[in-house]
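In what follows, a structure is listed as structure tokens, so that the remarks can point back to it.
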Amino acid sequence: MNQPPQLAPKRERKTIRIRDPNQGGKDITEEIMSGARTASTPTPPQTGGGLDLKMDY
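Pasting the structure below:
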């Protein structure tokens, strides 16, 4: 009584669109997927050490 393995139903492929609110909602999906770096949205510089930890002994 061997039954063939059950195949999982095919999942519907959905397209995701990425929009940048800093560029008026411009669709930037292709830029991100292609690995391009946009100069209009630079990463802010990291200043200082980030966390300021104070320990009292």
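Note that this note's numbering has the sequence shown beginning at -12, numbered continuously upward. Every residue gets a Cβ at the ideal spot worked out from N, C-alpha and C, and that includes glycine.
Pull up the CB-CB distance for S12 and R4, whole angstroms please, since I reckon it's below 8 Å. The count along the sequence shown starts at 1 and reaches residue 12 at position 25. The count along the sequence shown starts at 1 and reaches residue 4 at position 17. One point to set straight first is that residue 12 is Gly, not Ser, in the sequence displayed. The pair is not a contact, with the Cβ atoms about 10 Å apart (cut-off 8 Å).
Between the Cα of T2 and those of D14, K41 and D43, spot the shortest distance and give me the residue it belongs to. Locating residue 2 in the sequence shown gives position 15, where the first residue counts as 1. Among D14, K41 and D43, the Cα nearest to that of T2 is on D14.
Bridge partners of D14, per DSSP? Numbered from 1 along the sequence shown, position 27 holds the residue referred to as residue 14. Per DSSP, R6.
For I19, which residues in the same chain have their Cβ closer than 7 Å to its Cβ, ignoring the five residues on either side in sequence? Taking the first residue of the sequence shown as position 1, residue 19 is located at position 32. Hits under 7 Å: I5.
Spatial distance of G22 from D43 (CA atoms): Your numbering for residue 22 matches position 35 in the sequence shown. Your numbering for residue 43 matches position 56 in the sequence shown. G22 and D43: Cα-Cα distance of roughly 46 Å.
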